[in-house]
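Written below as C-alpha cells is the structure these notes are about.
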Amino acid sequence: AQSVAQPEDQVNVAEGNPLTVKCTYSVSGNPYLFWYVQYPNRGLQFLLKYITGDNLVKGSYGFEAEFNKSQTSFHLKKPSALVSDSALYFCAVRDMAGGSYIPTFGRGTSLIVHP
Amino acid sequence: AAGVIQSPRHLIKEKRETATLKCYPIPRHDTVYWYQQGPGQDPQFLISFYEKMQSDKGSIPDRFSAQQFSDYHSELNMSSLELGDSALYFCASSLQGGEAFFGQGTRLTVV
C-alpha cells in the first residue's frame, strides 16, 4: 500500500522568507512523487515530480523539492515566498513497483504567506 | 496548450436525483481518473480508465458509475444523490504512468 503524510495543516511564512512544506511517504517499491497546488475553487495544478536521478527537483514558479530516501521525505521548498504563493499544497505518491498508476494524495497543507 | 475540460462547472441537484459529469481529457492522454474532494478534504480516488477500459477502482459508491467513450471523453453518472455527495469532482488525465493533469472540477451541491 502507498500513503502520504503531510504533518502540517498550515504553514505561515513572511513574504521574502524561505518556505518549506513537509511531506513523507510510504511505498513498497520505489516512489514516484509529485507536488500539486490548488487555489480556491480551482483544480490541482502540477508543480513538479520526482522519478529518479537528482534528489533536488526544480518545478514551476520557483518551487523545488528534495527527495530523501533514508527519511522517506519529499519536502517542497522555495527560497523566497510570495504572497501569491498562498494556496493549498498537496503531495502525492505512486508506487512504481505496483500495478496501479493511481497517485495517492496527502491531506494538503495550507500555505499562508504574509505581506 | 489544451487542458482537461470538465462540464458543468457547477451543478445543483436535489436529493435522490441523478447527475452526469463530463470530462474531456488532454488529447492523446490514455488514462482518465475521477476524484472526489469534500470540503477541507484531500482528493479521494474514485475510478480510472486506461484506453477506455476501467483500470482501477477506489472508493466509488455503488450508486455511481463511470465510463470512457470511443473519443476518450469520460462521464461520471451519479444516482440517488445524497447530501453527502456534495463535493468538488475532479477529472484528471495522463499518459499511463505519467503525472496527472487535473481539470477545474465540477462543484456538485445536493440540496
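These protein sequence lines map, in sequence, to chains C and L. Throughout the first sequence, residue numbering follows this note's numbering, covering 10 to 124 in sequence. Throughout the second sequence, residue numbering follows this note's numbering, covering 410 to 520 in sequence. Where is the CB? At the ideal position from N, CA and C, for every residue including glycine.
Inset, instruction - Please report the residue range of the beta strand (DSSP E) in which D480/L lies. - result: Your numbering for residue 480/L matches position 71 in the second sequence. Taken as a continuous stretch (DSSP letters only), D480/L belongs to no beta strand (DSSP E), as it is neither H nor E.
Inset, instruction - Anything in chain L within Cβ reach of Y98/C, meaning under 7 Å, just list it in chain order. - result: Mapped onto the first sequence, residue 98/C falls at position 89. Under the 7 Å cutoff, chain L gives no residues; its nearest Cβ is about 11 Å from Y98/C.
Inset, instruction - Select from N486/L, L517/L, F510/L the residue whose C-alpha is nearest the C-alpha of G412/L. - result: As a first step, residue 412/L is located in the second sequence; it is residue number 3 there, counting from the start. For G412/L, the nearest C-alpha among the options comes from F510/L.
Legend entry - Sheet register partners of E508/L (DSSP bridge): Translated into positions along the second sequence, residue 508/L becomes position 99. Here E508/L is not bridged, per DSSP, to any residue.
Legend entry - Alpha-carbon spacing of G38/C relative to R51/C, whole angstroms: Position 29 of the first sequence, counting from 1, holds the residue named residue 38/C. Position 42 of the first sequence, counting from 1, holds the residue named residue 51/C. Going by the C-alpha atoms only, they are around 32 Å apart.
Legend entry - Inter-stretch contact at 8 Å, needing at least 3 Cβ pairs: the segment 488–502 of chain L / the segment 431–442 of chain L: yes
Inset, instruction - Report the residue from G512/L, T515/L, E491/L whose alpha carbon sits nearest the alpha carbon of E423/L. - result: Residue mapping note: residue 423/L aligns to position 14 of the second sequence, counting from 1. Among G512/L, T515/L, E491/L, the Cα nearest to that of E423/L is on E491/L.
Legend entry - the segment 91–109 of chain C in contact with the segment 47–63 of chain C per 3-pair CB rule at 8 Å: yes
Legend entry - Assigned secondary structure, L91/C (DSSP; H/G/I helix, E/B strand, else coil): Taking the first residue of the first sequence as position 1, residue 91/C is located at position 82. Note: L91/C maps to coil in three-state DSSP.
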